[in-house]
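Some notes on the structure that comes next.
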Amino acid sequence: MIGIPTLTNLQKGVQFALKYQSLGQSVYVHCKAGRSRSATMVAAYLIQVYNWSPEEAVRAITKIRSHIFIRPGQFEILKEFHKITAEAAKKELYHPSQT
Numbered sequence: 001m002i003g004i005p006t007l008t009n010l011q012k013g014v015q016f017a018l019k020y021q022s023l024g025q026s027v028y029v030h031c032k033a034g035r036s037r038s039a040t041m042v043a044a045y046l047i048q049v050y051n052w053s054p055e056e057a058v059r060a061i062t063k064i065r066s067h068i069f070i071r072p073g074q075f076e077i078l079k080e081f082h083k084i085t086a087e088a089a090k091k092e093l094y095h096p097s098q099t
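full-length UniProt numbering puts the sequence shown at residues 1 to 99.
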């Protein structure tokens, strides 16, 4: 299925953005149409950073870019991504790393 990222690709994309954000830089996310693939990656970033649900992330993007279109398969992978990031955040909350 074209246009549906893997969980690994979402994680890599979010980590890439976070790395450059920590350096005070911006990251430009784009795809050919700017409606679904790039919006999926940005939604994953919002889910990770703000612990938003996929619905909240898509709603926030839609307010800024009303013509996005997250396809059903993309939304499903965002739900999986949210589940993984929420579980990781919960583990960190109860067992903070000691670095």
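Virtual Cβ for every residue (Gly too), placed ideally from N, Cα, C.
Check residue i in the structure and name its three-state DSSP category.
i, result
"glycine 73", "helix"
Going by beta-carbon coordinates alone, are residue i and residue j separated by less than 8 Å?
i, j, result
"alanine 44", "leucine 10", "yes"
"leucine 7", "isoleucine 68", "no"
"glycine 13", "serine 36", "no"
"isoleucine 61", "threonine 85", "no"
"threonine 40", "isoleucine 70", "yes"
Q.
Does the structure place the segment 9-17 close enough to the segment 28-44 that three or more beta carbon pairs sit under 8 Å?
A. In this structure the segment 28-44 lies against the segment 9-17, because at least three pairs of beta carbons, one per stretch, are closer than 8 Å.
Q: Report the residue ranges of all alpha helix (DSSP H) runs contained in full by the UniProt domain "Tyrosine-protein phosphatase" (1-87); include only those spanning at least 4 residues, in chain order.
A: Runs of the alpha helix (DSSP H) inside the UniProt domain "Tyrosine-protein phosphatase" (1-87): 7-22, 37-50, 54-64.
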